[in-house]
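Residue numbering for the sequence shown follows the numbering used here, starting at 24 and increasing by one per position.
Every residue gets a Cβ at the ideal spot worked out from N, C-alpha and C, and that includes glycine.
So the structure is just underneath, and the comments pick up after that.
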Amino acid sequence: MTTEVDSVRVELGARAYDVRIGQGLLARAGAEIAPLLKRKRVAVVTDETVAGLHLEALRAGLATEGITMSALALPPGEGTKGWPEFSRTVEWLLAEKVERRDVVVALGGGVIGDLAGFAAAVLRRGVRFVQIPTSLLAQVDSSVGGKTGINSSHGKNLIGAFHQPSLVLADIDVLATLPRRDFLAGYGEVVKYGLLGDAGFFDWLEVEGPKLQQNPRLAQAAVRRSVEMKAGIVARDETEEGERALLNLGHTFCHALESATGYNGARLLHGEGVAIGCALAFEVSQRLGLCAQEAPSRLRAHLRRMGTKVDLSDIAGDLPDADGLLALMAQDKKVQDGKLRFILARGIGEAFVADGVDLDVVRGVLQEALRGR
Numbered sequence: 024m025t026t027e028v029d030s031v032r033v034e035l036g037a038r039a040y041d042v043r044i045g046q047g048l049l050a051r052a053g054a055e056i057a058p059l060l061k062r063k064r065v066a067v068v069t070d071e072t073v074a075g076l077h078l079e080a081l082r083a084g085l086a087t088e089g090i091t092m093s094a095l096a097l098p099p100g101e102g103t104k105g106w107p108e109f110s111r112t113v114e115w116l117l118a119e120k121v122e123r124r125d126v127v128v129a130l131g132g133g134v135i136g137d138l139a140g141f142a143a144a145v146l147r148r149g150v151r152f153v154q155i156p157t158s159l160l161a162q163v164d165s166s167v168g169g170k171t172g173i174n175s176s177h178g179k180n181l182i183g184a185f186h187q188p189s190l191v192l193a194d195i196d197v198l199a200t201l202p203r204r205d206f207l208a209g210y211g212e213v214v215k216y217g218l219l220g221d222a223g224f225f226d227w228l229e230v231e232g233p234k235l236q237q238n239p240r241l242a243q244a245a246v247r248r249s250v251e252m253k254a255g256i257v258a259r260d261e262t263e264e265g266e267r268a269l270l271n272l273g274h275t276f277c278h279a280l281e282s283a284t285g286y287n288g289a290r291l292l293h294g295e296g297v298a299i300g301c302a303l304a305f306e307v308s309q310r311l312g313l314c315a316q317e318a319p320s321r322l323r324a325h326l327r328r329m330g331t332k333v334d335l336s337d338i339a340g341d342l343p344d345a346d347g348l349l350a351l352m353a354q355d356k357k358v359q360d361g362k363l364r365f366i367l368a369r370g371i372g373e374a375f376v377a378d379g380v381d382l383d384v385v386r387g388v389l390q391e392a393l394r395g396r
């Protein structure tokens with residue numbers, strides 16, 4: 024086992040923090056977190072699945088520095104990311120007498136990171152929190168950048184706050200416990216970084232991607248590069264006034280598909296929606312004459328080789344028609360002045376924010392994709 028740990032700094036002035044990436048970080052969590060603590064105790068929010076796999080390892084890692092922990096394990100799945108479990112979490116943190124100077128730890132995937140981070144943001148008007156992401160998707164995306172929140176019946180992530188963590192610990196070893204499907208869902212966010220701004224990274228992924236889950240060294244390199252890209256974008260545009268919107272490549276389609284499938288992870292995981300959404304965004308880009316046909320074809324071929332979902336036909340069950348999906352897109356957070364914004368591309372590694380996209384072209388792409396089901 025390599026013990027080398029990479030550090031990526033998210034440069035946000037007084038709120039800057041490190042993303043630590045490497046093997047064995049759960050075992051050394053105490054040493055990593057201790058400098059943040061005024062008193063040697065933390066409150067951990069996790070889910071029942073992750074608790075069974077990693078909670079005792081975290082407890083032992085904290086104990087090496089004399090840090091005690093209490094823990095709340097929520098039900099796993101996207102359904103947890105709503106008002107009922109959020110309220111339960113905040114009330115539990117208050118019952119645990121978490122003070123403003125204390126630290127909340129989010130141990131889990133994107134659902135737990137988003138919910139626990141939002142709870143920390145509103146608890147006593149803001150307490151610090153540490154992200155310990157246990158899924159590939161959370162390690163490369165949702166744990167970095169301070170977006171926290173929960174879902175509403177009106178759409179995904181519509182209730183939340185920007186609240187930056189004080190530290191992120193991405194332990195590569197935990198990725199070995201992920202089911203293959205969950206790992207591949209996270210890969211949808213990894214490949215996004217190559218597509219939006221680093222064609223060389225996409226080239227590397229075409230060669231090394233199939234080996235990532237079995238090779239910790241390669242997985243660490245992929246997580247590090249993804250985090251480097253996200254950290255740079257967040258530092259330049261923390262609250263998504265401009266460049267940070269590029270991180271939403273594939274997400275306008277993805278969020279509509281998640282809504283259409285009732286946020287049912289058995290039908291569609293977030294990262295799978297991102298992969299399908301990226302393929303659709305490149306197809307729209309090609310239809311608009313922005314990129315060559317080989318770009319969407321190359322992307323689809325790579326995703327197929329990886330074994331993840333690529334097309335609408337890969338989603339089980341019924342879906343709305345094209346107009347129904349467009350209506351769901353209209354609920355997206357990225358709508359401005361009632362108009363949809365898309366992230367499109369001039370080629371692999373060349374994404375940009377597009378306003379005023381011809382919705383007839385989008386409708387046509389969706390209709391064709393739905394016919395393929």
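query: If you follow the alpha helix (DSSP H) that residue 253 is part of, which residue opens it and which one closes it?; result: 239-259
query: So the alpha helix (DSSP H) residue 13 belongs to, where does it begin and stop?; result: Nothing about residue 13 can be reported from this structure: the residues present for the chain run from 24 to 396 only.
query: Just verifying my parser: in three-state terms, what is the DSSP assignment at residue 160?; result: helix
query: Could you tell me which of 66, 35, 227 sits nearest to residue 260, measuring between CA atoms?; result: 35
query: Can you confirm whether residue 105, when its beta carbon is compared against all beta carbons of chain C, has any partner nearer than 9 Å?; result: Although the question refers to chain C, the structure presented lacks it and comprises just one protein chain.
query: If you run the structure through DSSP and keep just helix, strand and coil, what is residue 381?; result: coil
query: Could you name the residues that DSSP lists as bridge partners for residue 92?; result: 65
query: With distances taken Cα to Cα, identify the nearest neighbour of residue 16 among 136, 344, 72, 384.; result: Given that the chain is displayed from residue 24 to residue 396, the structure contains no residue 16 and the question cannot be resolved.
query: If we count Cβ pairs, one from each stretch, closer than 8 Å, do we get three or more for the region 80-92 versus the region 137-150?; result: no
query: Please report the straight-line C-alpha distance between residue 238 and residue 195, rounded to a whole angstrom.; result: 10 Å
query: Between 394, 319, 30, which has its C-alpha nearest residue 459's C-alpha?; result: Since the first residue of the chain shown is 24 and the last is 396, residue 459 is not available in this structure.
query: Helix, strand or coil, according to DSSP, for residue 287 in the structure here?; result: coil
query: Tell me the rounded alpha-carbon separation between residue 130 and residue 138.; result: 11 Å
query: Tell me whether residue 340 sits in a helix, a strand or coil according to DSSP, three-state version.; result: coil
query: Take the Cβ of residue 24 as the centre, count every other Cβ of all protein chains shown within 10 Å, and call the residue buried at 16 or more, exposed below.; result: Per-residue confidence for residue 24 stands at a pLDDT of 44, beneath the threshold of 50, marking its modelled position as unreliable; the derived number appears in the next sentence. So residue 24 ends up on the exposed side.
query: Note down, in chain order, each residue of its chain lying with its Cβ closer than 6 Å to the Cβ of residue 339, except the 5 sequence neighbours on either side.; result: 290
query: Who are the Cβ neighbours of residue 61 in its own chain at under 8 Å, not counting the five residues just before and after it?; result: 124, 125
query: Quick test of the definition: if touching needs 3 or more C-beta pairs under 8 Å, does the region 165-184 touch the region 112-122?; result: no
query: Consult DSSP for residue 299 and reduce its assignment to one of helix, strand or coil.; result: helix
query: What three-state label does DSSP hand residue 395 in the structure shown?; result: coil
query: Let me check understanding here. Comparing Cα to Cα, which of 162, 152, 203 lies closest to residue 248?; result: 162
query: Going by C-alpha distance, which of 148, 315, 241 is nearest residue 373?; result: 315
query: In the DSSP output, what is residue 32 paired with across the bridge?; result: 41
query: Output the boundary residues of the alpha helix (DSSP H) element that contains residue 215.; result: 203-220
query: Can you check which of these residues, 45, 337, 114, 351, is closest to residue 395 by C-alpha distance?; result: 337
query: Helix or strand or just coil, what does DSSP make of residue 25?; result: Confidence is the limiting factor: at residue 25 the pLDDT is only 48, short of 50, which leaves the residue's position unreliable, though a coordinate-based value still follows. Coil at residue 25, not helix or strand.
query: Identify which residue in 214, 233, 235, 234 has its Cα closest to the Cα of residue 225.; result: 214
query: Can you list, in chain order, the residues of its chain with a C-beta nearer than 7 Å to that of residue 116? Leave out the 5 residues immediately preceding and following it.; result: 66, 127, 142, 146
query: On the CB-based measure, 16 or more other CB atoms within 10 Å of its CB, does residue 89 come out buried or exposed?; result: exposed
query: Roughly how many whole angstroms lie between the Cα atoms of residue 33 and residue 254?; result: 5 Å
query: Whose C-beta lies closer than 6 Å to the C-beta of residue 241 among residues of the same chain, with five residues either side of it excluded?; result: 231, 234, 235
query: Excluding the 5 residues flanking residue 277 on each side, which residues of the same chain have their C-beta closer than 6 Å to its C-beta?; result: 296, 297, 300
query: Below 9 Å between beta carbons: does that hold for residue 207 and residue 294?; result: yes
query: Please state whether the Cβ-Cβ distance between residue 192 and residue 279 is less than 9 Å.; result: no
query: How would you label residue 164, buried or exposed, when you count the other beta carbons within 10 angstroms and need 16 or more for buried?; result: buried
query: Can you give the beta carbon distance from residue 307 to residue 365, rounded, assuming they're within the 8 Å contact cut?; result: 7 Å
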